[in-house]
Amino acid sequence: MIHEIDPHDFNNHFVAGKIPLSTDMIFCYQSNKMLVDVTHEEPEIPCKNQLLFSENVQYIYLFSLDSIACFLAVNDSPEFNSDFEYREIGFFRGMHRKEIGWLAVAGFHLYNWYNSHKYCGKCGNQTKHKTDERALICPHCNSVYFPVISPAIIV
471 MIHEIDPHDF NNHFVAGKIP LSTDMIFCYQ SNKMLVDVTH EEPEIPCKNQ
521 LLFSENVQYI YLFSLDSIAC FLAVNDSPEF NSDFEYREIG FFRGMHRKEI
571 GWLAVAGFHL YNWYNSHKYC GKCGNQTKHK TDERALICPH CNSVYFPVIS
621 PAIIV
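In my numbering, the protein residues as written are 471 to 625.
The following block contains the structure:
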């Protein structure tokens, strides 16, 4: 199963105000594609020191794998060379390193959640990030939105 990534430690505990280090992974998505480093045998998620962003970029802490933090980059598209390309998110299905596939789809889930909750579903105002938990809040009506887990079982 995709979530079976032993011996790695996946930690999705929310950490407020965390800033990415140069060796942390940066997740960049466009529609249903993810930016990956294609210079290895299998696609790799790029580190911060491999990408160049403008000052408009905002980093959202997602989770960590072992001791490496993972961030979603929003509000900017990075500059990159031919070592990188956007690939359909389904690239993870054939990977031998299951932990990279797990990170890609978990990050994609949060990317879609953040994108679909930019505005309050109750009053239509723009939502803001809560500082004490992984949630979005409407500053106008105080509605709070959390990521949704939609489990599926194939029998």
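In this text, a Cβ means the ideal position worked out from N, Cα and C, and glycines have one as well.
Nothing here was measured: the structure is a model prediction, and the numbers come from that model.
Suppose only complete runs of 3+ residues qualify. What are the beta strand (DSSP E) ranges in the region 481-513, listed by chain order? Taking 3 residues as the minimum length, the beta strand (DSSP E) runs contained wholly in the region 481-513 are 495-497, 503-507, in order along the chain.
Does His599 come out as helix, strand or coil in the three-state DSSP assignment? strand
Do you know whose CA, among His610, Thr601, Glu549, lies nearest Cys593's CA? His610
Distance check for Gly571 and Phe484, CA to CA, integer angstroms please. 21 Å
Unbroken beta strand (DSSP E) runs of length 3 or more, entirely within the region 544-614: which are they? 554-558
Taking Ile489 as the reference, which of Cys540, Ile515, Ser613, Leu522 has the closest Cα? Scanning Cys540, Ile515, Ser613, Leu522 for the CA closest to the CA of Ile489 turns up Cys540.
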